[in-house]
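Under our numbering, read the sequence shown as residues 4 to 151, first letter to last. The structure under discussion appears below in the form of structure tokens.
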Amino acid sequence: MLSQKTRYTIRAFQHLADHWGKGQVQLADIAEAQNIPPKFLTVILSEMAREGLLISQRGRDGGYQLALPPIDISYGDLVRLTRGSLALVPCAARNAHEHCKNCLPESECRLRSLMLKVRDDTASILDRITLADPIALEPVFDKEEAAE
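Structure follows, in structure tokens:
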């Protein structure tokens with residue numbers, strides 16, 4: 004599951020990609036538009052600037068902008084930089100691997116094998132989709148409709 008930090012990072016970068024080529028975007032504008040706590044966003048954007056994905060400018064007219072064109076930043080890049088795990092079970096995580104409690108040895112667990120494939124396929128998809136790619140909004144499911 005993606006961490007809150009990863010989700011905030013993706014939303015902030017989507018906002019910056021929408022403003023590509025229009026100059027600096029102020030942190031307060033990103034925070035308000037994306038419903039991200041400003042203090043947390045400050046930490047995230049500072050880290051991404053250190054990683055070379057953002058340009059930051061201080062001062063009254065300062066703000067943030069992407070350091071690379073949106074087409075050169077994949078969602079996979081953002082997930083990896085924020086250490087968000089794509090694994091659905093602990094034993095399938097690359098960076099935060101843990102043995103599952105009350106499970107078979109990993110070498111005998113078919114669920115783990117399946118989850119490794121899910122993780123790898125998810126990573127492949129996220130590496131192919133960039134901030135420049137349009138992403139259509141999906142309808143929101145109503146709990147009552149889902150129960151029918």
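Glycine residues also receive a C-beta, built at the ideal position from the N, C-alpha and C atoms. Computed from a predicted structure; not experimentally measured.
| query | S88 by DSSP, collapsed to three states: which one? | reply | For the purposes of this step, residue 88 is taken as the residue at position 85 of the sequence shown. Here S88 sits in coil by DSSP.
| said: Determine whether the beta carbon atoms of V82 and L5 lie at a separation below 9 Å. | reply: For the purposes of this step, residue 82 is identified with residue 79 of the sequence shown, where counting begins at 1. For the purposes of this step, residue 5 is identified with residue 2 of the sequence shown, where counting begins at 1. Yes, Cβ-Cβ distance for V82 and L5 is below 9 Å.
| said: Considering only the alpha carbon of each residue, which of Q68, G62 and D64 lies closest to L48? | reply: Reading the sequence shown from its first residue, position 45 is the one you call residue 48. Residue Q68 is the option with its Cα nearest to L48.
| message | Per DSSP, what are the beta-bridge partners of V143 in this structure? | response | As a first step, residue 143 is located in the sequence shown; it is residue number 140 there, counting from the start. Answer is none; V143 lacks a bridge partner.
| Which whole-angstrom value describes the C-beta separation of M51 and L57, a residue pair presumed to lie in contact below a C-beta threshold of 8 Å? | If you number the sequence shown from 1, residue 51 lands on position 48. If you number the sequence shown from 1, residue 57 lands on position 54. With a Cβ gap of about 5 Å, M51 and L57 count as contacting.
| query | Helix, strand or coil: which one does DSSP assign to L81? | reply | Residue numbering aside, residue 81 sits at position 78 when the sequence shown is read from its first letter. L81 falls in the helix class under three-state DSSP.
| message | Short of 8 Å in beta carbon distance, which residues of its chain neighbour N98, apart from the five on each side in sequence? Order them along the chain. | response | The residue given as residue 98 occupies position 95 in the sequence shown. Here the set comprises R86 and S88.
| Can the beta-carbon of I76 be found less than 9 Å from the beta-carbon of L134? | The residue given as residue 76 occupies position 73 in the sequence shown. The residue given as residue 134 occupies position 131 in the sequence shown. Cβ atoms of I76 and L134: closer than 9 Å.
| request: Mind reading off the beta-carbon distance from Y78 to I13? Whole number of angstroms is fine, and I expect it under 8 Å. | output: Here residue 78 corresponds to residue number 75 of the sequence shown, with the count starting at 1. Here residue 13 corresponds to residue number 10 of the sequence shown, with the count starting at 1. Right, their Cβ atoms sit about 7 Å apart.
| DSSP on L69, reduced to helix/strand/coil? | Here residue 69 refers to the residue found at position 66 when the sequence shown is read from its first residue. Note: L69 maps to strand in three-state DSSP.
| query | According to DSSP, which residues form a beta bridge with T133? | reply | Looking up residue 133 in the sequence shown gives position 130. BP columns for T133 point to S77.
| said: Helix, strand or coil, according to DSSP, for S59 in the structure here? | reply: As a working note, residue 59 is residue 56 in the sequence shown. Here S59 sits in strand by DSSP.
| task | Report the rounded CA-to-CA distance for Q17 versus D136, giving the unit in angstroms. | result | For the purposes of this step, residue 17 is taken as residue 14 along the sequence shown, with counting starting at 1. For the purposes of this step, residue 136 is taken as residue 133 along the sequence shown, with counting starting at 1. Straight-line Cα distance between these residues: approximately 10 Å.
| task | For the alpha helix (DSSP H) containing D32, list its first residue and its last residue. | result | Mapped onto the sequence shown, residue 32 falls at position 29. From DSSP, the alpha helix (DSSP H) with D32 extends over L30 to Q37.
| query | Is the beta carbon of D29 sitting closer than 9 Å to the one on G66? | reply | One-based indexing of the sequence shown puts residue 29 at position 26. One-based indexing of the sequence shown puts residue 66 at position 63. Note that residue 29 corresponds to Gln in the displayed sequence, not to Asp. Going by C-beta atoms, Q29 is nearer than 9 Å to G66.
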